[in-house]
Structure formats: structure tokens, C-alpha cells
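Novice: Those letters in the sequence shown? Residues 1 to 363, per my numbering, in order.
The beta-carbon is built from N, C-alpha and C at its ideal position, and this holds for glycine as well.
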Amino acid sequence: MTPTPHIPAPQVLLAEVTHRCPLQCPYCSNPTELIRKESEISTEAWARIFQEAADIGVLQVSISGGEPAARRDLIALVDAARKADLYVNLITSGIGLTERKLDELQEAGCDHIQLSLQDVDADGAEIISNLKGSLERKLAFARWVGARDIPLTINAVMHRLNLDRLPETIQLAADLGARRIEIANVQYHGWAEANKQVLMPTLEQVRRTNAEVQAARAQYDGTMLIDYVPVDYFAEFPKACMNGWGRVALVIAPDGTVLPCHNASTLTHLRLPSIHDTSLRDIWYESDAFNAYRGDLWMPEICQDCDRKFVDFGGCRCQALAILGDASQADPVCSKAHPDSPMRVGLIATSEPINPIIYRPNS
Ligand code: FES
1 MTPTPHIPAP QVLLAEVTHR CPLQCPYCSN PTELIRKESE ISTEAWARIF
51 QEAADIGVLQ VSISGGEPAA RRDLIALVDA ARKADLYVNL ITSGIGLTER
101 KLDELQEAGC DHIQLSLQDV DADGAEIISN LKGSLERKLA FARWVGARDI
151 PLTINAVMHR LNLDRLPETI QLAADLGARR IEIANVQYHG WAEANKQVLM
201 PTLEQVRRTN AEVQAARAQY DGTMLIDYVP VDYFAEFPKA CMNGWGRVAL
251 VIAPDGTVLP CHNASTLTHL RLPSIHDTSL RDIWYESDAF NAYRGDLWMP
301 EICQDCDRKF VDFGGCRCQA LAILGDASQA DPVCSKAHPD SPMRVGLIAT
351 SEPINPIIYR PNS
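#1: According to DSSP, Ser62 sits in a beta bridge with which residue or residues?
#2: Give the straight-line distance between the Cα atoms of Thr18 and Glu38, rounded to the nearest whole angstrom.
#3: Count the CB pairs spanning the region 237-246 and the region 169-182 that are closer than 8 Å, and state whether there are at least three.
#4: Pull up the distance between the alpha-carbon of Thr43 and that of Gln205, whole angstroms please.
#5: Any heavy atom of the ligand FES closer than 7 Å to the Cβ of Trp191?
#6: So Ile127 is in the alpha helix (DSSP H); what residue range does that whole segment cover?
#7: Is there at least one non-hydrogen atom of the ligand FES closer than 7 Å to the beta-carbon of Met242?
#8: Would you decide whether Arg364 is buried or exposed? Buried here means 16 or more other CB atoms lie within 10 Å of its CB.
#9: Where DSSP assigns a beta bridge to Arg20, which residues make up the other side?
#10: Just mark Gln304 as buried or exposed, buried being the case when its beta carbon has 16 or more other beta carbons within 10 Å.
#11: With the cut-off set at 8 Å, would you say Leu203 and Ala178 are in Cβ contact?
#12: Using the Cα positions of Ile181 and Pro230, report the straight-line distance between them to the nearest angstrom.
#13: Hey, how far is the Cα of Glu212 from the Cα of Ile226?
#14: Could you pull out every residue in the same chain whose Cβ sits closer than 6 Å to the Cβ of Ala216, ignoring the five residues on either side in sequence?
#15: What did DSSP end up calling Met1 once you bin it into helix, strand or coil?
#16: The ligand FES and Ala184: does any heavy atom of the ligand fall closer than 7 Å to the residue's C-beta?
#17: I'd like the ranges of any alpha helix (DSSP H) spanning at least 4 consecutive residues and lying wholly in the region 294-361.
#18: Using a 10 Å radius around the Cβ and a threshold of 16 neighbouring Cβ atoms, would you call Thr98 buried or exposed?
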């Protein structure tokens with residue numbers, strides 16, 4: 001195990017309570033091998049986890065999926081998280097939640113809702129979600145949230161097929177009363193990797209996006225926060241994936257596997273711990289998986305000597321493995337470590353003919 005001089009307490013728990021989902025987005029961030037309903041952990045197990053998480057310093061839980069509303073015990077899960085004194089953020093597609101359910105969620109202590117938006121155009125939303133009428137249902141849900149004054153974030157995942165409607169997307173979030181919009185470009189892992197040719201934006205779109213985000217930030221300054229995650233393939237330096245491995249957040253999969261990031265199951269050389277075997281405290285502080293890429297001792301020399309090493313923490317381990325075949329390499333985005341990065345070759349490939357979308361199964 002790599003020695004770690006100082007390990008900060010975790011702040012955020014991403015609780016993936018199910019992989020079931022009515023949508024089939026081709027950029028879904030869940031693993032390509034989905035966990036089935038039969039393996040999902042119980043309400044009681046989640047309640048214990050929420051308490052353990054709070055005990056080691058976690059302040060916020062994001063209850064996510066899949067679609068968390070696919071779980072019949074969603075209200076009980078929110079209630080348990082609130083009773084553990086966690087700030088409860090529900091990440092949802094809005095599909096499957098009624099007004100009555102929303103009232104129950106609010107009563108149980110749901111503090112914040114993060115609603116995914118596939119497109120402001122109904123046809124575009126249907127093409128991505130593979131569900132008829134999904135936009136209409138989401139808009140109805142967003143209005144119910146607004147009517148109850150529950151803080152709302154719109155999570156808009158952007159790509160080649162919807163980036164031309166970015167200004168309308170930001171406008172819609174403002175009209176819905178969102179306090180924050182997260183403009184998240186697709187991250188090309190898992191399902192998204194398989195759909196890269198369809199979803200990768202053009203260089204022209206990326207340049208326009210940067211300008212539009214800047215203009216919108218000035219326009220909505222003080223009324224709506226605009227977070228923006230640029231596309232890795234057009235970046236000079238990596239992003240601080242997960243704010244650094246094992247620094248801020250942990251992810252728990254529907255079956256109780258605990259991961260340092262939502263993609264860590266692709267790092268098959270790591271033995272991922274489970275809540276069935278040991279405490280969350282031991283997992284966070286002692287497990288090999290969480291200690292594998294903490295600090296800077298694991299980094300290649302070029303990263304160890306770089307003044308950005310505690311800005312991006314070496315970037316994304318999953319991306320290094322997927323593209324370079326070695327999770328301990330510098331993130332392939334880094335132009336300093338990889339001036340001839342294969343990611344730039346991947347980018348050129350996007351001018352090839354567009355393939356059909358490969359949808360994620362419903363699980
Ligand atoms: Fe796993 Fe970035 S997605 S480290």
C-alpha cells in the first residue's frame with residue numbers, strides 16, 4: 001500500500017442506488033456492465049451507509065442512479081439520509097416522479113434536485129433518451145419543483161447533436177428558475193466511448209460554446225450559477241477528475257461496491273472494497289483502491305515535477321487506462337506529458353461518417 005501522509009475526510013457521497021433507468025442515453029456514465037435489481041442493497045443497508053458516511057465527515061449525499069425513482073423505497077432512502085444529517089441532493093431524470101411523490105420527497109427532507117436535460121428540442125431529446133415525450137415530462141417535473149421552491153440545478157449534457165442549442169438551453173434553465181446549470185460536455189468513457197463518432201462536437205462548436213458560456217455568465221451573474229465542463233479532447237491540460245482520487249468524494253454502486261470514481265470498475269487491477277465486508281471509514285482511509293492514486297508518489301516523473309500536480313492531481317486514471325493502457329500514466333489529455341496524444345488522433349477521426357447511436361439497455 002502506498003503511504004499517504006495526510007488523507008482529508010470525504011465530503012461527498014454519490015449513492016448510485018440503482019442502475020435501472022427508463023432512459024437509454026448513449027453517453028450514460030454507468031458501467032457498460034450494469035448491476036441488476038436482484039443485487040441492489042436494501043434500504044437498511046443504505047441507512048447504515050448514510051450514517052457511517054456522516055460519521056466520517058461526509059456533508060452531502062447525491063442520490064443517483066440510473067434513475068433513483070426506479071426504487072420503490074426512494075422516500076425512505078431520502079428520509080434515512082436526512083436523519084443522518086446529510087444535505088440531500090436528488091439526481092433524477094424526472095421521469096417516474098409524480099407531484100405527490102415530489103411532496104413526499106420534500107417532506108422526507110430532499111434539499112435539492114438536479115434534473116438532467118437531454119435537449120431543449122423535443123425530437124432531439126427523444127433521439128438521445130430513446131423515450132417519446134421525455135422533454136415534456138421533464139418540463140412538467142421542473143415546474144412542480146419550482147412551485148415548491150426546491151432549489152433546482154439543470155444538468156445539461158452537451159454534444160455535437162445539441163450544442164447548437166446551448167443559448168436556448170441556458171435560457172430554459174433560467175426560465176425554470178434553476179439556481180445553477182451544469183453544462184457538462186460528454187465524457188467519452190463507457191457508452192459514450194462507443195458513441196464517440198456521433199457525439200463528439202466539431203472544433204467550431206467548441207469555440208462557439210466557450211464564447212457563449214462567457215456571455216451567459218455575464219448575463220446571469222448573481223442569479224444563476226453556470227458551471228461548465230469542457231471537452232477533454234479539445235483541452236490542453238486535464239481536469240481534476242473527482243477533484244483528485246480519494247480526496248473529496250466516494251461512489252457507492254447499487255450492490256454496495258465502493259469506488260473512488262464512477263468508472264473505477266474499469267480499473268480491474270484494483271480490488272474494489274464493499275460495504276458488505278468492512279466499514280466505510282476503513283475503506284476511505286485504509287483500502288488499497290482508495291490509496292492507489294492519492295498524493296503524488298504514484299505519479300510519473302513528468303507529473304511529479306509539474307507545478308500543476310496539485311491543480312489537476314494527474315487528471316483521470318480511467319482515461320489513462322482506457323487510452324494509454326496504464327492507469328498510472330499522465331492523463332492523455334495533458335499536452336505537456338503527451339504532445340502526440342492518441343486523443344488528438346481520436347479527434348481527427350470524428351470527421352469520419354456518422355455511425356448510428358448505440359443505446360444503453362434499460363437494464
Ligand atoms: Fe475514474 Fe476519472 S473517471 S478517475
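Specialist: Walking through what the data contain:
#1: Partner(s): Leu14, Asn89.
#2: 10 Å
#3: no
#4: 44 Å
#5: no
#6: 122-129
#7: yes
#8: As displayed, the chain neither begins before 1 nor continues past 363, which places residue 364 out of reach and without an answer.
#9: The partner list for Arg20 (beta bridge, DSSP) is empty, contrary to what the question assumes.
#10: exposed
#11: no
#12: Straight-line Cα distance between these residues: approximately 14 Å.
#13: 11 Å
#14: Answer for Ala216: Ile170, Ile226, listed in chain order.
#15: For Met1, the predicted structure reports a pLDDT of 45, less than 50, and the residue's modelled location is therefore unreliable. The matter cannot be settled from this model.
#16: no
#17: Here the runs fully enclosed are 301-304, 309-312, 317-324, 342-348.
#18: So Thr98 ends up on the exposed side.
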